[in-house]
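Residue numbers (my numbering): 51 to 331.
Cβ atoms here follow ideal geometry from the backbone N, Cα and C, with glycine treated the same way.
The structure appears right after this line, and notes come after that.
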C-alpha cells in the first residue's frame with residue numbers, strides 16, 4: 051500500500067532506485083532509457099559524478115538561505131551568467147522553485163508593472179491555443195490546452211487565445227511561410243483591437259511549443275512581427291522557454307534564433323536539471 055497519490059490509481063509505478071547516465075534503474079534491476087530526460091528536465095543525466103560532487107560542495111557550506119534576507123555567491127554567479135547571455139534589455143533575474151511558479155511570477159509582475167506605471171486598467175492577457183504554461187491556476191489560464199483547462203474553467207482568469215504558429219497544420223494551400231507567419235501573428239493585433247489594447251498586460255507564448263504539440267517552432271519572422279505589435283500597443287511580451295531554453299536550440303535562449311528580445315523570459319527544466327530551480331528574467 052502506498053500513501054502517495056500516484057498519477058494512476060489502478061497500477062503503481064515501478065520503484066526507481068538508481069540512475070546511470072541516460073538510464074533509470076528500478077528495484078527489480080530493469081534499466082529504462084530516459085530518452086527525453088524525464089519531463090525534459092534531466093539534461094545532465096542521472097548520478098553524474100561531477101554533478102553529485104557540486105551538490106555536495108554546496109550543501110557542505112550552505113543548503114538554504116531565504117532570498118528575502120540573503121544573497122549567495124552561487125545565486126549571484128548564476129544570475130550573472132543568465133543576464134550576461136540574455137537578449138538586450140534583460141537586466142535582472144528572479145529565482146523561484148519551478149516552471150509554473152516562474153510563469154505565475156511573470157504574470158503578476160506584468161500586472162504590477164502597469165499598476166505602478168499608472169495603467170491599472172491593464173489586467174488581461176492574450177496567449178495561444180495548443181500551448182502549455184504550467185499547472186497552477188494562472189499558468190493554466192494562459193495555457194491553451196482545452197482538455198487540461200476544462201475542469202477548472204470557472205477558477206481561471208479570463209484569457210484570450212489566438213491561433214498558434216504551426217505551419218504543418220495551419221498553413222493554407224498556396225501560402226508560403228512568410229505570408230502564413232504574418233497572418234497568424236496579425237491575429238494578435240486583431241484581438242488587441244477587439245479587447246481594447248489599453249486593457250491588456252501581455253502576450254504570452256512558448257518560443258518553441260513543447261508539451262502540447264511536440265517541438266513546434268514558429269516560422270521565421272513570426273516573433274519579430276509579434277514584437278512589433280506588442281511595441282505598437284504598449285503590451286509586454288512574455289516568452290515561456292521553460293522547456294526550450296538553456297541551450298536546447300543551439301543558443302542559451304531559444305529567442306536568440308530570431309534575434310527577438312522579449313520583456314520577460316521564463317526558464318526552468320534544463321536550468322536546474324532536476325534540482326528544483328527556475329528563473330524569470
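| Check | Outcome |
| --- | --- |
| DSSP-derived helix/strand/coil call for residue 222 | coil |
| Sequence-distant residues of its chain with Cβ nearer than 7 angstroms to residue 115 (five each side left out) | 122 |
| Pairwise C-alpha distance: residue 309 and residue 273 | 9 angstroms |
| Euclidean distance between Cα positions of residue 275 and residue 129 | 29 angstroms |
| Counterpart residues of residue 40 in DSSP-defined beta bridges | Any answer about residue 40 is impossible in this case: the structure gives the chain only from 51 up to 331. |
| CA-to-CA distance, residue 145 to residue 163, given in whole angstroms | 18 angstroms |
| Member of 278, 81 and 61 whose CA lies at the smallest distance from the CA of residue 68 | 81 |
| Top-ranked residue by Cα proximity to residue 140, from 264, 288 and 293 | 288 |
| Straight-line Cα distance separating residue 315 from residue 271 | 19 angstroms |
| Separation of residue 213 from residue 336, as counted between CA atoms | The question about residue 336 has no answer, for the chain in this structure spans 51 to 331. |
| As assigned by DSSP and simplified to three states, the class of residue 81 | strand |
| Boundaries of the alpha helix (DSSP H) in which residue 253 is found, first to last residue | It is not in any alpha helix (DSSP H) - residue 253 instead sits in the beta strand (DSSP E) that spans 250–256. |
| Between the CA atoms of residue 196 and residue 279 - distance to the nearest angstrom | 26 angstroms |
| 8 angstroms Cβ cutoff met for residue 124 and residue 176 | no |
| N-terminal and C-terminal residue of the beta strand (DSSP E) that residue 287 is part of | 286–290 |
| DSSP three-state assignment for residue 54, whether helix, strand or coil | coil |
| Length of the line joining the Cα atoms of residue 226 and residue 254 | 25 angstroms |
| Three-pair Cβ contact test at 8 angstroms for the region 217–236 versus the region 183–194 | no |
| Closest residue to residue 299 among 319, 267, 193 and 224 (Cα-Cα distance) | 267 |
| One or two residues paired with residue 407 in a DSSP bridge | No information on residue 407 is available, as it lies outside the stretch 51 to 331 that the chain covers here. |
| Whole-number beta carbon distance between residue 312 and residue 284, since they are thought to touch under 8 angstroms | Going by Cβ atoms, the distance from residue 284 to residue 312 rounds to 15 angstroms, so no, they are not a contact pair. |
| Residue 294 to residue 258 span [Cα, whole Å] | 6 angstroms |
| Of the residues 55, 78, 59 and 56, the one placed nearest residue 66, counting alpha carbons only | 78 |
| Residues near residue 290 in its chain [Cβ-Cβ closer than 6 angstroms; skip 5 each side] | 183, 256 and 316 |
| 8 angstroms Cβ cutoff met for residue 192 and residue 157 | yes |
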